[in-house]
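Chains as they are written, first to last, in full-length UniProt numbering: chain A, 1 to 353; chain B, 1 to 219. Down below is the structure, laid out as structure tokens.
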């Protein structure tokens, strides 16, 4: 198998907005971002709102123009292309939106046909393709309905059918499930997964939802204040974030270490010693860890934490309250310390104070 | 009452003239309004043809023309009417002047109607490679059709209002009729006959507009 070829590559890309007030400061929306997305990836971009995720993804199909840097899409630098030369580029990149953005004055079928009209396809070709796409998203019977007669999930499926009508190799998903309920979200995510597997479409998905990354993405980039602060395999970034800001983001979606306010409550309830253990994939044998405590006569109670699963691999943090019944304070401490020393050889232990 | 019966032929002619003036000004002013409105919408900051210079000039022009009371505008624009349609008096001059005033009034309404179209829908069209002209005809105007129909219905009433002063520059219509045969002859019955006809006309058009808009909204 040959090395994966990048379909999208950003090199030192910045997007700077002029000051909104006279003499004010420029607004740096995207700050020297470099990012490589390979064919077949489902690349998640996460971060708090205002981090620049939406702007970044719009640079890829030039809905937003960059201020500096190079943006390669299928090997062509589109950063400086004039507007009228962008049409073929955009026909090769589908996009779906949080608010679906369907044309309310057109039927479902006519919405899906829209990119094909822009591409100048014949009426018969359009009809065939629209039929295929509506069958693919499971809305063959809704062809003549209008968008306001559909549920949110159905609207997004129409959005997906429209985005894929012109057979693009890349799909941009801008918070595509954020306006949907959890059940509908998983339906739409399943559909996007099929788009990736069956059509080989490279998907770039912006989200702040853990579900989306967990079930869909293979790689992830964390954005903060216009920068990509961390990137890599989803499992690595989520199980072991390197940057404080990404750890903070990950902790809002993955229950890991207790926050200071939660810790205060735990402290009150559990006067003994609290430790947090990190579990990461099969590298840590949970049974052995707990066995060490049992062997030392140390009792433990799980007071906080969670184990998550990403792409068939699990990771997480558990906070334990430790005690050694029937021993004096100093003897108990010594026994617990001895047990923890052995546990440290198995995994990362953090004493919580 | 007898004098009204005697005047019936003139009343029908006047009603016909009002329809003629309003119909043509709706056509010319409507097109003008659409162009001005599209111009305002497309050139505003962040829009698909954003152009600060054009927007500022157009916006200023609309703001200058719109507040001028029509009867004064009619007199002020007379040299322009003479230049464009060759005469400063009569129905030709009044149709030109109303169309001009209506273009600016309607332009503002069209701009507001277009602003009801969600920017995301335009973004979606851009994302599949649609250019500005295609977006105007396949997204902007169809998506704003309901509000636009109501906007044009609204301007129709304003046109009837403006056409009523046609008599001042030698034009005809129901306004002129009411003034000439009712007011100046101290005959309120004749005046009210004209008023009644105008009310009926406006009601009919308003019903028609509402019905069409409802069809456009329901889709």
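Positions of the beta carbon are idealized from the N, C-alpha and C atoms, including for glycine.
Tell me, please, which residues DSSP counts as bridged to residue i.
i                      : result
residue 317 of chain A : A:278, A:306
residue 326 of chain A : Beta-bridge pairing links residue 326 of chain A to no other residue.
residue 233 of chain A : A:219
residue 6 of chain A   : A:38
residue 252 of chain A : DSSP output for residue 252 of chain A lists no bridge partner at all.
residue 350 of chain A : A:276
residue 300 of chain A : A:322
residue 14 of chain A  : A:68
residue 135 of chain B : Bridge partners of residue 135 of chain B: none, in fact.
State buried or exposed for residue i, treating a residue as buried only when at least 16 other CB atoms are found within 10 Å of its CB.
i                      : result
residue 149 of chain A : exposed
residue 82 of chain A  : exposed
residue 241 of chain A : buried
residue 142 of chain A : buried
residue 197 of chain A : exposed
residue 66 of chain B  : exposed
residue 76 of chain A  : exposed
residue 32 of chain B  : buried
residue 15 of chain A  : buried
residue 136 of chain B : buried
residue 2 of chain A   : Low confidence applies to residue 2 of chain A: its pLDDT is 49, below 50, so where it sits in the model is not reliable enough to give any reading.
residue 129 of chain A : buried
residue 122 of chain A : exposed
residue 152 of chain B : buried
residue 140 of chain A : exposed
residue 16 of chain B  : exposed
residue 215 of chain B : exposed
residue 183 of chain B : exposed
residue 200 of chain B : exposed
residue 148 of chain B : buried
residue 12 of chain A  : exposed
residue 343 of chain A : buried
residue 124 of chain A : exposed
residue 186 of chain B : exposed
residue 166 of chain A : buried
residue 208 of chain B : exposed
residue 63 of chain A  : buried
residue 293 of chain A : buried
Which residues in chain B sit within 9 Å of residue i, going by Cβ to Cβ distance?
i                      : result
residue 151 of chain A : The premise fails here: residue 151 of chain A is roughly 17 Å from chain B at the closest Cβ pair, so nothing lies under 9 Å.
residue 95 of chain A  : 123, 124, 127, 128
residue 17 of chain A  : Correct list: empty, because the minimum Cβ distance to chain B is about 11 Å.
residue 48 of chain A  : By Cβ distance, chain B contributes nothing, its closest Cβ being about 21 Å from residue 48 of chain A, past 9 Å.
Anything in chain A within Cβ reach of residue i, meaning under 8 Å, just list it in chain order.
i                      : result
residue 142 of chain B : 103, 105, 106
Please list the partners that residue i has in chain B, where partner means a Cβ-to-Cβ separation under 7 Å.
i                     : result
residue 63 of chain A : 123, 126, 127
residue 90 of chain A : 127, 128, 129
residue 43 of chain A : Residues of chain B passing the Cβ test: none, with the nearest at roughly 18 Å.
List the residues of chain A whose Cβ lies closer than 9 Å to the Cβ of residue i, in chain order.
i                      : result
residue 131 of chain B : 83, 84, 87, 118
residue 134 of chain B : 117, 118
residue 145 of chain B : 105
Please list the partners that residue i has in chain A, where partner means a Cβ-to-Cβ separation under 7 Å.
i                      : result
residue 87 of chain B  : Under the 7 Å cutoff, chain A gives no residues; its nearest Cβ is about 43 Å from residue 87 of chain B.
residue 139 of chain B : 103
Could you list which residues in chain B have their beta carbon closer than 8 Å to that of residue i, in chain order?
i                      : result
residue 99 of chain A  : 118, 120
residue 355 of chain A : Chain A is shown from 1 up to 353; residue 355 of chain A falls before or after that span and cannot be answered.
May I ask whether a heavy atom of the ligand MG can be found less than 7 Å away from the beta carbon of residue i?
i                      : result
residue 288 of chain A : The model depicted lacks the ligand MG and carries no ligand whatsoever.
Quick one: complete alpha helix (DSSP H) runs, 4+ long, within the stretch 18 to 106 of chain A? 53 to 60, 87 to 91
Does the stretch 93 to 111 of chain B come into contact with the stretch 54 to 70 of chain A, if we say contact requires no fewer than three beta-carbon pairs (one atom in each stretch) closer than 8 Å? The stretch 54 to 70 of chain A and the stretch 93 to 111 of chain B do not touch, with fewer than three beta-carbon pairs separated by less than 8 Å.
Runs of 3 residues minimum, wholly inside the stretch 116 to 193 of chain A: which ones carry the beta strand (DSSP E) assignment? If we require 3 residues or more, the beta strand (DSSP E) runs fully inside the stretch 116 to 193 of chain A come out as 170 to 174.
Below 8 Å, how does it come out for the stretch 117 to 133 of chain A and the stretch 148 to 168 of chain A: are there three or more Cβ pairs, yes or no? yes
Check whether the stretch 205 to 225 of chain A and the stretch 178 to 185 of chain A touch, using three or more Cβ-Cβ pairs below 8 Å as the test. Yes, the stretch 205 to 225 of chain A touches the stretch 178 to 185 of chain A.
For the structure I just gave you, are there three or more beta carbon pairs, one from the stretch 157 to 177 of chain B and one from the stretch 62 to 81 of chain B, closer than 8 Å? Between the stretch 157 to 177 of chain B and the stretch 62 to 81 of chain B there are three or more C-beta pairs closer than 8 Å, enough to call the two in contact.
Mind listing, in chain order, the continuous beta strand (DSSP E) runs of no fewer than 3 residues lying wholly within the stretch 53 to 120 of chain B? none
Scan the stretch 140 to 204 of chain B and note each continuous alpha helix (DSSP H) run of 4 residues or more that stays entirely inside, going in chain order. 145 to 163, 174 to 177
With contact counted as at least three CB pairs below 8 Å, one residue from each stretch, are the stretch 3 to 13 of chain B and the stretch 136 to 154 of chain B in contact? Too few Cβ pairs lie closer than 8 Å, so no.
Across the stretch 243 to 262 of chain A and the stretch 279 to 293 of chain A, are there enough close Cβ pairs to call them in contact, namely three or more that are closer than 8 Å? By the Cβ rule, the stretch 243 to 262 of chain A does not count as touching the stretch 279 to 293 of chain A, because fewer than three pairs are nearer than 8 Å.
Check whether the stretch 41 to 49 of chain B touches the stretch 117 to 137 of chain B, counting contact only when three or more Cβ pairs, one atom from each stretch, lie closer than 8 Å. yes
At least three beta-carbon pairs within less than 8 Å, the stretch 290 to 306 of chain A to the stretch 315 to 333 of chain A: yes
Flag this pair as touching only if the stretch 23 to 36 of chain A and the stretch 80 to 96 of chain A have three or more C-beta atom pairs under 8 Å; answer yes or no. no
Would you call the stretch 177 to 192 of chain B and the stretch 22 to 32 of chain B touching, i.e. three or more CB-CB distances under 8 Å? A contact is defined here as three or more CB-CB pairs under 8 Å, and the stretch 177 to 192 of chain B fails this definition with respect to the stretch 22 to 32 of chain B.
With contact counted as at least three CB pairs below 8 Å, one residue from each stretch, are the stretch 109 to 119 of chain A and the stretch 124 to 131 of chain B in contact? yes
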